[in-house]
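Novice:
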Amino acid sequence: KKSVRDLDLKGKKVFCRVDFNVPMQDGVITDDTRIKAALPTIKYIVEQGGKAILASHLGRPKGKVVEELRLNPVAKRLSELLGKEVTKVDEATGDVVKSKIAEMQDGDVLLLENVRFYPGEEKNDPELAKAFAELADVYVNDAFGAAHRAHASTEGIAKYLPAVAGFLMQKEIETLGKALNNPERPFTAIIGGAKVKDKIGVIENLLDRVDNLIIGGGLAYTFIKSQGYEIGNSLLEEDKIELAKEFIEKAKAKGVRFLMPIDAVVADRFAENANTKIVDISEIPADWEALDIGPKTVELYEEVIKDSKLVIWNGPMGVFEMDKFANGTNGIAKAMADTDAITIIGGGDSAAAIEKAGLADKMSHISTGGGASLEFIEGKDLPGVVALNDKE
Ligand code: 3PG
């Protein structure tokens, strides 16, 4: 696959799609990981004497201008991180943008407005894709986090320009791809989160690849129920019980060790100040709900992590936003920080948990993609990546 390194960028206008969809509160960026992750590509374009025209979405404005979702705070933060002026324009296409680009010197950086202010972005409207393409000489996609979306700035534009991957895109695909297709063994996957429904494809694909499959989080209780246990008021997806059972049988047939919680932290209601206790998995009281894995489970999972050469983790083990139910998730985070194994964190909540625990720099790779890394782990083709293949 071609990368930004394969292009001569000197004097070229480079349309670079990044994923600057960062969390914000009252106009302040609360986590700039995604901006930092795009710096190597942006710096490279600058150093090579290209003109970096950056584009991103922010939030879900649904084709309309939403003042709070303008990219101005992102431009400011990017400028600080680059140590360089970043010009921000209030549109993403049109004459104002074109004249700003015409004024750019080699090595300048321009940030376009939120591409999702345009209805054509999410519709992947060819007219908008062409309008983006007209702004530049080449296209670089470094937005791994948005690569599962076939939108005008992630997929459509690649039809009209030489299109290559940026360094972040390349790193994400190589790291996740190698883990899935050529894994070090024993290979352990830890899947958590609230719903079985969201992880069906992931579990299915992983069952063909891993040695150990560990589950936790809300989704675990449908599995536990499928084995005949009572789970009280814990999360249950009635219509997924059969599937859960099948997954467990499939694991057995394939020689995959399937690990479920053996104890849990249960609460008498869903609240930080609920009454809680630790019980064995066969003893969840009728009116209580399990909100975290218990200490024996953490210990069991730690052992498996310790004996692995590669561990992939996606989805928290409990309601980690509440301190009382964060021990399971933190325990797994610590075990991953302490192991010599290659450790890969699928983005989203598990990445946030690792950040919160201050263990981010102990992991081999933390994906910047939430939905994108999930779809990748499911084995799906990502449109934003596929689009790069057919261009030299
Ligand atoms: C993400 O945050 O996962 C990406 O930026 C994609 O955002 P989206 O789910 O709104 O398409």
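Final position of the sequence shown in full-length UniProt numbering is 394; the numbers increase by one with none missing.
All C-beta atoms, glycine included, are put in the ideal place defined by N, C-alpha and C.
1) To the nearest angstrom, report how far apart Val20 and Gly168 are at their CA atoms.
2) Excluding the 5 residues preceding and the 5 following Lys393 in the sequence, name in chain order all residues of the same chain whose CB lies nearer than 6 angstroms to its CB.
3) Verify the contact flag: Gly373, CB atom, against every heavy atom of the ligand 3PG, threshold strictly below 7 angstroms.
4) Could you tell me whether the Cβ atoms of Ile31 and Pro63 are closer together than 8 angstroms?
5) Return the chain-ordered list of same chain residues with a C-beta closer than 6 angstroms to the C-beta of Gly147, the five sequence neighbours on each side being excluded.
6) Rounded to a whole number of angstroms, what is the C-alpha to C-alpha distance between Asp241 and Gly230?
7) Restricting to runs no shorter than 3 residues, where is the beta strand (DSSP E) found entirely within the region 206–256?
8) Could you tell me the alpha carbon to alpha carbon distance between Pro42 and Gly333, rounded to whole angstroms?
9) Nearest to Ala354 by CA position, among Lys102, Phe119, Ala328, is which residue?
10) Find the nearest neighbour of Ala343 within the set Met365, Lys254, Asp213, judged by alpha-carbon distance.
11) Would you identify the three-state DSSP class for Met319, choosing helix, strand or coil?
12) Taking the CB atoms as reference points, tell me whether Val258 and Asp309 lie closer together than 8 angstroms.
13) Should Glu70 be labelled buried (16 or more other beta-carbon atoms within 10 Å of its own) or exposed?
14) With H, G and I counted as helix, E and B as strand and the rest as coil, what does DSSP make of Lys393?
15) Tell me His367's beta-bridge partners as DSSP assigns them.
16) Taking the beta strand (DSSP E) that Lys199 belongs to, which residues open and close that run?
17) Does the beta-carbon of Arg7 have 16 or more other beta-carbons within 10 angstroms, so that it is buried, or is it exposed?
18) With H, G and I counted as helix, E and B as strand and the rest as coil, what does DSSP make of Asn184?
19) Select from Ile250, Val267, Met171, Val313 the residue whose C-alpha is nearest the C-alpha of Lys298.
20) May I have the straight-line CA-CA distance separating Lys3 from Asp265, to the nearest angstrom?
21) Verify whether the separation of the beta carbon atoms of Ala276 and Ile307 is less than 8 angstroms.
Specialist: On the basis of the supplied data:
1) Start at 1 with the first residue of the sequence shown, and residue 20 comes out as number 18. Start at 1 with the first residue of the sequence shown, and residue 168 comes out as number 166. Approximately 9 angstroms, taken between the alpha carbons.
2) Here residue 393 is taken as the residue at index 391 of the sequence shown, counted from 1. Here Lys393 scores only 49 on pLDDT, less than 50, and its place in the model should not be relied on; the value that follows carries that caveat. Correct list, in chain order: Pro164, Ala165.
3) By 1-based counting over the sequence shown, the position of residue 373 is 371. Result yes, Cβ under 7 angstroms from the ligand 3PG.
4) Within the sequence shown, residue 31 is the residue found at index 29, counting from 1. Within the sequence shown, residue 63 is the residue found at index 61, counting from 1. In this structure, the beta-carbon distance from Ile31 to Pro63 does not fall below 8 angstroms.
5) Locating residue 147 in the sequence shown gives position 145, counting from the first residue. Around Gly147: Asp21, Thr370, Gly371, Ala374.
6) Working through the sequence shown from its first residue, we reach residue 241 at position 239. Working through the sequence shown from its first residue, we reach residue 230 at position 228. Near 15 angstroms, if we compare the C-alpha coordinates of Gly230 and Asp241.
7) Listed in chain order, they are 214–217.
8) As a working mapping, residue 42 is identified with position 40 in the sequence shown. As a working mapping, residue 333 is identified with position 331 in the sequence shown. If I take the Cα positions, the gap works out to 32 angstroms.
9) On the sequence shown, residue 354 is found 352 positions in, with the first residue counted as 1. Considering only alpha carbons, the answer is Ala328.
10) Position 341 of the sequence shown holds residue 343. Closest by alpha carbon: Met365.
11) As a first step, residue 319 is located in the sequence shown; it is residue number 317 there, counting from the start. Coil.
12) Here the question's residue 258 lines up with position 256 in the sequence shown. Here the question's residue 309 lines up with position 307 in the sequence shown. No, they are not a contact pair.
13) To locate residue 70, count along the sequence shown from 1; it is residue 68. Under this definition Glu70 is an exposed residue.
14) By 1-based counting over the sequence shown, the position of residue 393 is 391. With a pLDDT of only 49 at Lys393, under 50, the local geometry of the prediction cannot be trusted, and no value is derived from it.
15) One-based indexing of the sequence shown puts residue 367 at position 365. Partner(s): Ile346.
16) Locating residue 199 in the sequence shown gives position 197, counting from the first residue. Premise fails: Lys199 is in no beta strand (DSSP E) and is neither H nor E.
17) On the sequence shown, residue 7 is found 5 positions in, with the first residue counted as 1. With fewer than 16 other Cβ atoms within 10 Å, it is exposed.
18) Walking along the sequence shown from the start, residue 184 turns up at place 182. Judged by DSSP in its simplified three-state form, Asn184 adopts coil rather than helix or strand.
19) Stepping through the sequence shown from its first residue, residue 298 is reached at position 296. Nearest option by C-alpha distance: Val267.
20) Against the sequence shown, residue 3 aligns to sequence position 1. Against the sequence shown, residue 265 aligns to sequence position 263. Answer to the nearest angstrom: the Cα atoms are 46 angstroms apart.
21) Counting from one through the sequence shown, the residue named residue 276 turns up at place 274. Counting from one through the sequence shown, the residue named residue 307 turns up at place 305. For the 8 angstroms CB-CB criterion, Ala276 and Ile307 do not form a contact.
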